[in-house]
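Protein chains in written order, with my numbering: chain A, 188 to 467; chain B, 8 to 296; chain C, 23 to 283. Take a look at the structure below.
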Amino acid sequence: MNSTPIIDVKNVTYSYPYAEQPALNQISLQIMPDQWIAIVGHNGSGKSTLAKTFNGLIEPQSGEIYFNGELLSEETIWDVRRQLGIVFQNPDNQFVGATVADDVAFGMENNGVPREKMLVRVEEALKQVRMWDYRHQEPARLSGGQKQRVELAGVLAQRPKVIILDEATSMLDPQGRSEIIELMMQLREQGDFTIISITHDVDEAALADQIVLIDSGELITQGTPSEIFTQAERLHEHGLIVPLSEQVRTDLVAAGVGLPDKYLDETQLVDELWTLHSNM
Amino acid sequence: MDITFEHVNYTYQPNSPLATLGLKDINLKFTSGSYVAIIGQTGSGKSTLLQHLNALLRPSSGRVLIGDQAVMTTTKNKELHDLRRSVGLVFQFPESQLFEETVLKDVAFAPKNFGKSEAEATEIARDTLRLVGIDESLEDKMPFDLSGGQMRRVAIAGVLAMQPEVLVLDEPTAGLDPLGRQQIMQLFQRIHEERGITIILVTHQMDDVVAYADQAVVMSHGEIAKVGTPAEVFADLDWLTAHNLELPSTGRLVQRLQQKGFKFTRMPLTVNELLADLEPQLKRGSQLG
Amino acid sequence: MDNLIFGRYYPGNSFVHRLDPRLKLIINIMFIVLIFLLNNWYDYLILGVVVLTGVVLSGVSIRFFIKGLRPMLLLILFTVALQLFFTTGKTVYWQWGWLAISQEGLINASYIAVRFLLIIFMSTLLTLTTQPLEIADGLEYLIRPLKMIKFPVNDVALMLSIALRFVPKLMDETTKIMNAQRARGVDFNNGSILKRVKALIPLLIPLMMSSLDIATDLTTAMISRGYRDGEGRSRFRVLKWRRRDSLTLLFFVVIAAVVII
Numbered sequence: 188m189n190s191t192p193i194i195d196v197k198n199v200t201y202s203y204p205y206a207e208q209p210a211l212n213q214i215s216l217q218i219m220p221d222q223w224i225a226i227v228g229h230n231g232s233g234k235s236t237l238a239k240t241f242n243g244l245i246e247p248q249s250g251e252i253y254f255n256g257e258l259l260s261e262e263t264i265w266d267v268r269r270q271l272g273i274v275f276q277n278p279d280n281q282f283v284g285a286t287v288a289d290d291v292a293f294g295m296e297n298n299g300v301p302r303e304k305m306l307v308r309v310e311e312a313l314k315q316v317r318m319w320d321y322r323h324q325e326p327a328r329l330s331g332g333q334k335q336r337v338e339l340a341g342v343l344a345q346r347p348k349v350i351i352l353d354e355a356t357s358m359l360d361p362q363g364r365s366e367i368i369e370l371m372m373q374l375r376e377q378g379d380f381t382i383i384s385i386t387h388d389v390d391e392a393a394l395a396d397q398i399v400l401i402d403s404g405e406l407i408t409q410g411t412p413s414e415i416f417t418q419a420e421r422l423h424e425h426g427l428i429v430p431l432s433e434q435v436r437t438d439l440v441a442a443g444v445g446l447p448d449k450y451l452d453e454t455q456l457v458d459e460l461w462t463l464h465s466n467m
Numbered sequence: 008m009d010i011t012f013e014h015v016n017y018t019y020q021p022n023s024p025l026a027t028l029g030l031k032d033i034n035l036k037f038t039s040g041s042y043v044a045i046i047g048q049t050g051s052g053k054s055t056l057l058q059h060l061n062a063l064l065r066p067s068s069g070r071v072l073i074g075d076q077a078v079m080t081t082t083k084n085k086e087l088h089d090l091r092r093s094v095g096l097v098f099q100f101p102e103s104q105l106f107e108e109t110v111l112k113d114v115a116f117a118p119k120n121f122g123k124s125e126a127e128a129t130e131i132a133r134d135t136l137r138l139v140g141i142d143e144s145l146e147d148k149m150p151f152d153l154s155g156g157q158m159r160r161v162a163i164a165g166v167l168a169m170q171p172e173v174l175v176l177d178e179p180t181a182g183l184d185p186l187g188r189q190q191i192m193q194l195f196q197r198i199h200e201e202r203g204i205t206i207i208l209v210t211h212q213m214d215d216v217v218a219y220a221d222q223a224v225v226m227s228h229g230e231i232a233k234v235g236t237p238a239e240v241f242a243d244l245d246w247l248t249a250h251n252l253e254l255p256s257t258g259r260l261v262q263r264l265q266q267k268g269f270k271f272t273r274m275p276l277t278v279n280e281l282l283a284d285l286e287p288q289l290k291r292g293s294q295l296g
Numbered sequence: 023m024d025n026l027i028f029g030r031y032y033p034g035n036s037f038v039h040r041l042d043p044r045l046k047l048i049i050n051i052m053f054i055v056l057i058f059l060l061n062n063w064y065d066y067l068i069l070g071v072v073v074l075t076g077v078v079l080s081g082v083s084i085r086f087f088i089k090g091l092r093p094m095l096l097l098i099l100f101t102v103a104l105q106l107f108f109t110t111g112k113t114v115y116w117q118w119g120w121l122a123i124s125q126e127g128l129i130n131a132s133y134i135a136v137r138f139l140l141i142i143f144m145s146t147l148l149t150l151t152t153q154p155l156e157i158a159d160g161l162e163y164l165i166r167p168l169k170m171i172k173f174p175v176n177d178v179a180l181m182l183s184i185a186l187r188f189v190p191k192l193m194d195e196t197t198k199i200m201n202a203q204r205a206r207g208v209d210f211n212n213g214s215i216l217k218r219v220k221a222l223i224p225l226l227i228p229l230m231m232s233s234l235d236i237a238t239d240l241t242t243a244m245i246s247r248g249y250r251d252g253e254g255r256s257r258f259r260v261l262k263w264r265r266r267d268s269l270t271l272l273f274f275v276v277i278a279a280v281v282i283i
């Protein structure tokens, strides 16, 4: 594995104006490249604030942030913003363009990408998120899920190293949510991106390679889904729940069924259960 | 108070080239004291139906009986005032309706509109805030200074303060985290049980339908596709998939288990039901090497 | 509700739809100037035929044009009445106190009516066949020379296009908040003026708060995507001036020349 973290957060503290408690409290975190990281925590835990420090939307009062080994500063910030794309929570309030294609091009326009190149990349990105047929549509006619797919295309067109989904699915209906999650899974297969999903949805978090649990602006714990999801008590304490498969597994184990003593995702659980099927 | 739909049709922008059908021949009865969930895809007509429940929309044809007041195309706005008090409507992201300088005033707003004196309204507002778990120390704050979850509660209190007989909820937990979601749903359950308020819940959260509703109405293309208990509605997984409906969270796991060869005589809707059905089909742990 | 600002666009692919928005804007301006320069029936007839040709070519039903008149009706009637009753003339047909209808009044009133009619039809033709966004694009081109006096043309253009983009969203938001407050017992339609104005507060404050939210979110998103200011940006949208635009302009200049001479 590459040894330089793509994002390196060192002792970052940040308080919003007039707030009594800091939103981020001496937090340190390393994110390695080409991984899928889920940053989880309840509403108000500081997880979105943390993400906003990654590209300088929020400037911490103390501590440093390094992007791919470089310190985030006035000089590097615009370069970082090009390499790190964020899809935010509210599908309506981040759609800048008047039509789908315009919105995808917006970031490239800001960076002065020549028009011929934009045309190619807009098409490519929109096809990637399956929204090419909608390129002339205005946002008012799109569903929430479709708008978020367009936002994702806007990020992809910039050829980023890091894609952040900041609660990008939390305002969507189930259909929109599964569309976005499916796309994220495809992206993981296709490209060499680091994906950071900021979420309180455990099913979304379960897809990640690493889960980072945050509360009161502090890092509580970090680990693989199996390391995190076997700590049901701890998750509850911080306002979250475990995935259904883990709940079923622990209940069955408690009832005396001989399942392995580790986290199983749904596929693994079904496979394990089948080996225990009494009619085999 | 019962609410009854009789052959209700609703057309958006009638007599224009953009006319679209919102509701088609809806016949439905919401019985006093029940807890009914309305489910269906986005655009299936749920929101249109919901706005008929307190006459924010009037049927293009047919009529809605709310208590003993009939609402038809021709019903005048003036006749609807009392009815609006008895049917409380909590919209999606209700915190966007907050506007007063203090939390207390905002909650007292509706009772005052419905003829309560300043003192009475404030009294009711205090009680309602306690009911939704907002502490006295927050009463004099600006609503906009509260956290997202608190704002949601204050907004809900603002509707509850009308002391409605029917409470209509449009995705009341949208955007909340798991714990916040649970707390809000339990709050409604408590009000339903303690005060006998009828609850009509529009939601995408099928687990909530299973956990709380005693009836579920499935909407599809402006029509009622199915009415029944959650157990009846969720019995047929293929039918649900065909109507693009979500399953309760147990559903996906059950489908996978069925594909492997596990047998279920009914659709297990909760983890406990799933466990009860699963265990007899498994060898005991001791038999495993 | 969505016919504020630039009127309602009627989707289509007619000759008029496909004309360059800059051309349509220029013609509209020329047309208005012409109308006020002219005052004889013969010239109005020619312009009327031009407008009608445009209407027919647009493929949009005449009903939509008549609809476009409706919001202006009161203003038209008022102005026409003013001309009718207050123009002093020699040949008086009817008099009541200081109100009089004279021949000159009649003529002036009908000129005004025809002018209104022609201008409204022409501008409705523009808004029905041109998407608001295209109009904004066209305007941006036309105000470009202002760059020389340091006018931030690019920023203003982006502001305009964002404003347009958020009109439907704010409309939705308004309906939503109105419904929520009506459900809490607010009556927006009845009662004294004072009561009705007071009823607007529970609508306007939430609307303001939500506009602020939108603005904050939008700014955050724009900065994240590298927006600094109007300079150094490349452009994705471009307008293409075609032969048909030149020909249409030529045709219109000829007509203008004919009627003026």
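For each residue, glycine too, the CB sits at the ideal point set by N, CA and C. All values derive from a computational prediction rather than experimental measurement.
The beta carbon of residue 133(C) sits closer than 7 angstroms to the beta carbons of 61 from its chain, once the five residues preceding and following it are set aside; these are given in chain order. Counting every other CB atom within 10 Å of its CB across the protein chains shown gives residue 334(A) a total of 16 or more, marking it as buried. Proximity of residue 353(A) to chain B, defined by a Cβ-Cβ separation below 8 angstroms, is not satisfied.
Taking C-alpha positions only, residue 129(B) is separated from residue 111(B) by approximately 7 angstroms.
Neighbours of residue 253(B) in chain A, taken as residues whose beta carbon is under 7 angstroms from its own, are 361 in chain order. Counted as a single uninterrupted DSSP element, the beta strand (DSSP E) harbouring residue 37(B) occupies residues 27–37.
By the neighbour-count criterion, in which 16 or more other beta carbons inside 10 Å mark a residue as buried, residue 149(B) falls on the exposed side. Taking a Cβ-Cβ cut-off of 8 angstroms, the neighbours of residue 256(B) in chain A comprise 431, given in sequence order.
Ranked by Cα distance from residue 253(C), the first of 297(A), 284(A), 347(A) and 331(A) is 297(A). By the beta-carbon neighbour count (other beta carbons within 10 angstroms, threshold 16), residue 153(C) is buried. Within the segment 126–160 of chain B, 154, 155 and 156 place their CB atoms closer than 7 angstroms to a CB of chain A, listed in sequence order.
Runs of beta strand (DSSP E) with 3 or more residues, each lying fully within the segment 216–283 of chain A, are found at 223–227, 249–254 and 271–274, listed in chain order. Taking 8 angstroms as the cut-off, the beta carbon of residue 457(A) is found closer than this to the beta carbon of residue 264(B). The residues 267, 270 and 271, in chain order, have a CB closer than 7 angstroms to that of residue 45(C) in the same chain once the five nearest residues on each side in sequence are set aside. In this structure, 184(B) is the residue among 261(B), 209(B), 203(B) and 184(B) with its C-alpha nearest to the C-alpha of residue 356(A).
If you look at residue 197(A), you'll find it isn't in any alpha helix (DSSP H); it sits in the beta strand (DSSP E) that goes 194–201. Per the C-alpha coordinates, the member of 33(C), 53(C), 182(C) and 41(C) positioned closest to residue 264(C) is 41(C). The contact set of residue 208(C) on chain B, defined by CB atoms closer than 8 angstroms, consists of 120 in chain order. 175(B) is the residue among 86(B), 60(B), 12(B) and 175(B) whose C-alpha sits nearest the C-alpha of residue 220(B). For residue 174(B), the three-state secondary structure derived from DSSP is strand. Interface residue (Cβ-Cβ distance to chain A less than 8 angstroms): residue 236(C) is classified as such.
Residue 98(B) has a beta carbon lying at 8 angstroms or more from every beta carbon in chain A. Not a single C-beta of chain B is nearer than 8 angstroms to the C-beta of residue 217(A). About 6 angstroms separates the CB atoms of residue 316(A) and residue 370(A); that is less than 8 angstroms, so the two are in contact. It is roughly 30 angstroms from the alpha-carbon of residue 347(A) to the alpha-carbon of residue 191(C). Within the segment 290–326 of chain A, there are no complete beta strand (DSSP E) runs of at least 3 residues.
Residues of the same chain with a CB within less than 7 angstroms of the CB of residue 232(C), apart from the 5 flanking positions on each side, are 195 in chain order. Apart from the 5 residues on each side of it in sequence, residue 426(A) sits with its Cβ closer than 6 angstroms to the Cβ of 229 in its chain, given in chain order. The beta-carbon of residue 125(C) is placed no less than 8 angstroms from the nearest beta-carbon of chain B.
Cβ-Cβ distances below 8 angstroms link residue 338(A) to 274, 275, 278, 281, 282, 290 and 355 in the same chain, with the five nearest sequence neighbours on each side left out; the list follows chain order. In terms of Cα proximity to residue 240(B), the closest of 119(B), 224(B) and 230(B) is 224(B). Residue 212(B) sits buried, since 16 or more C-beta atoms from the chains shown fall within 10 Å of its C-beta. Take the alpha-carbon of residue 349(A) and the one of residue 301(A): they are about 23 angstroms apart. 8 angstroms or more divides the Cβ of residue 115(C) from the Cβ of residue 261(C). With fewer than 16 other beta carbons inside 10 angstroms of its own, residue 34(B) counts as exposed. For residue 91(C), the enclosing alpha helix (DSSP H) has its first and last residue at 84–91.
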